[in-house]
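Peer 1:
Chains as they are written, first to last, in my numbering: chain V, 2 to 269; chain L, 2 to 269.
1. Just verifying my parser: in three-state terms, what is the DSSP assignment at residue 174 (chain L)?
2. Does residue 108 (chain L) come out as helix, strand or coil in the three-state DSSP assignment?
3. Run through chain L and tell me which residues come within less than 8 Å of residue 243 (chain V), C-beta to C-beta.
4. Going by DSSP, which residues form a beta bridge with residue 302 (chain V)?
5. Take residue 167 (chain V) as the anchor and find which of V:160, V:150, V:158 and V:175 has the nearest alpha-carbon.
6. So residue 40 (chain L) is in the alpha helix (DSSP H); what residue range does that whole segment cover?
7. Per DSSP, what are the beta-bridge partners of residue 93 (chain V) in this structure?
8. Starting from the Cα of residue 32 (chain V), find the closest Cα among V:242, V:193 and V:264 and give me that residue.
9. Are the C-beta of residue 223 (chain L) and some C-beta of chain V separated by less than 9 Å?
10. When burial is assigned at 16 or more other CB atoms within 10 Å of the CB, is residue 133 (chain L) buried or exposed?
11. Is the stretch 69–82 of chain L touching the stretch 16–28 of chain L in the sense that three or more CB pairs, one from each, lie closer than 8 Å?
12. So with Cβ pairs under 9 Å, would you call residue 239 (chain V) a contact of chain L?
13. Give the single residue among L:86, L:170, L:243 and L:66 whose Cα lies nearest to the Cα of residue 55 (chain L).
14. So which of L:28, L:7 and L:259 has the shortest CA-CA distance to residue 140 (chain L)?
15. Could you check what DSSP says for residue 118 (chain L) in three-state terms: helix, strand or coil?
16. When you compare the CB of residue 118 (chain V) with every CB in chain L, is at least one pair closer than 9 Å?
17. Which same chain residues, not among the five before or five after residue 160 (chain L), have their C-beta less than 7 Å away from its C-beta?
18. How about residue 268 (chain L): is its C-beta nearer than 9 Å to some C-beta of chain V?
19. Could you pull the DSSP bridge partners for residue 260 (chain V) from this structure?
20. Going along chain V, which residues have a C-beta under 7 Å from residue 112 (chain L)?
21. Can you pull the DSSP bridge partners for residue 288 (chain L)?
22. I'd like to know if residue 206 (chain L) contacts chain V, where contact means its C-beta is closer than 9 Å to some C-beta of that chain.
23. Hey, quick one: how far does the alpha helix (DSSP H) through residue 224 (chain V) stretch, first residue to last?
24. Using a beta-carbon distance cut-off of less than 7 Å, what residues from the stretch 32–56 of chain V approach chain L?
25. Any contact between the stretch 63–75 of chain L and the stretch 94–110 of chain L? By contact I mean 3 or more CB pairs, one from each, below 8 Å.
26. Give the DSSP-derived three-state secondary structure of residue 146 (chain V) in the structure shown.
27. Using beta-carbon positions only, say whether residue 82 (chain L) and residue 119 (chain V) come within less than 9 Å of one another.
28. Kindly list, in the order they appear in chain V, the residues whose Cβ is closer than 8 Å to that of residue 166 (chain L).
29. Just grab the DSSP bridge partners of residue 269 (chain V) for me.
30. Of all Cβ atoms in chain L, is any one closer than 9 Å to the Cβ of residue 257 (chain V)?
31. Per DSSP, residue 231 (chain V) forms a beta bridge with which residues?
32. So does the stretch 168–186 of chain L actually touch the stretch 167–184 of chain V, counting three or more Cβ pairs closer than 8 Å?
33. Using a Cβ-Cβ cutoff of 8 Å, what residues of the stretch 140–173 of chain L are near chain V? List them in chain order.
34. Can you confirm whether residue 115 (chain L), when its beta carbon is compared against all beta carbons of chain V, has any partner nearer than 9 Å?
35. Locate the alpha helix (DSSP H) running through residue 196 (chain V), then write down its first and last residues.
36. If you count every other CB in all the chains shown that lies within 10 Å of the CB of residue 128 (chain L), and 16 or more means buried, which is it?
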């Protein structure tokens, strides 16, 4: 199969109105089944391919209902409401007729308005001044990204020593690939579980729900091209078996392209 | 009609399996149609009433598809996937057979685990040391809450002078009412639009999508009772007609009960 492995992974074949078939891709394997980000990207891809789509993605929420098995899946996407400038999508990823992901998305016609970035890009060295990671998790999808960590991408010692869940890292597709909405949805999930960073202790985890807000339009993404993005992630709280993660992705010029949040199941 | 106006507003009558009817409530009117928080609460209420519900809410995402008209609405709630300890819900609020809100939620059986709050409650005076607001928006639902602002609840002068979107305020139902999941979903939307705070300028706005993560279990909420919560809200970016809002709600002891995010349409 030719082309970038990301393009292979998000290729969907139309089955009937609003229903596509996809295949899991070995380059995006995760801990149990595929990396969650790629399933989110595949869900959004059905919206991008839908002939009734109005405008560009503004928000996406995906709920991970069950482990995705390697092999074929269906994506069902339906425009629940179409307004003059916004559109509301309901999406389901299914295997064997069972939901493995539920999702909603909003698309909107692009507009120009007053604007300002209030959350500044952290002051940190550029990607060319950051070394590749000393350690990476033994997961195939980790090799689908090129990382230039600034702070705490992955614990170097699993000695229970952490006191902060903050990660800062430059990241892009490997090999480099121009960013688009679908690859932003995928990279939004690229940060390793906050509980590992905070505790330097391994516990079973799984993302339950992720929301992605797209602050970049297609024009902005054309300017960003395939450059590194600075990703930052941290948890606000860990309690009763769930922690949150709040994250941002900036381009090298300090423009905030994506804000994203997730809630993650953990044991112990 | 007897009882607290919030209980009246979230009262739903069963129509058939998975479908309830509700009525908009004048105490929760907003700018155009009802306050978004009350519609979110009504959507979650259908899950809370569903005979197949497993456990307590962990996350809720609501998408505001269209202005809700005053009067009757239907809530459709369906368990898309039920696992051993988690359950995934797909919800739609309809008027005249058309979606006015799409939503998803995750519920889970309560568990006790290791935990820590990483985002500290801001250092600020207690509710008893904060004066009622000097100004409030002329919206009926603003009177459904008792506010004790710490910082920038609502612009005192509309002179285009703002330079930060940060709000910090103590808040509870008015009259006071013990907190539950449904009233937390509602109060998650209580912060006035960030663009007003940042710019001290009025522009048309409307929330497009909101996600609520519940970090408090039912036991914790019993301890919180009807006390003030400290709410904090700020935007990370305003661009191309949409801004985000990232918010937290703590109890008076500094326990982080809710983290919540939204993306909001604005003009100009």
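Each residue gets a CB set at the ideal place from its N, CA and C atoms; glycine is no exception.
Peer 2: In brief:
1. strand
2. strand
3. 59, 109, 214 and 216
4. Coverage of chain V is limited to positions 2 through 269, which leaves residue 302 (chain V) absent and any answer about it impossible.
5. V:150
6. 37–50
7. V:77 and V:103
8. V:193
9. no
10. exposed
11. yes
12. yes
13. L:86
14. L:28
15. strand
16. yes
17. 201
18. yes
19. V:214 and V:249
20. 241 and 242
21. An answer regarding residue 288 (chain L) cannot be provided, because it is not within the stretch 2 to 269 covered by chain L.
22. no
23. 219–225
24. none
25. yes
26. strand
27. no
28. 119
29. BP columns for residue 269 (chain V) are empty, so no partner.
30. yes
31. V:171 and V:251
32. no
33. 165 and 166
34. yes
35. 195–200
36. buried
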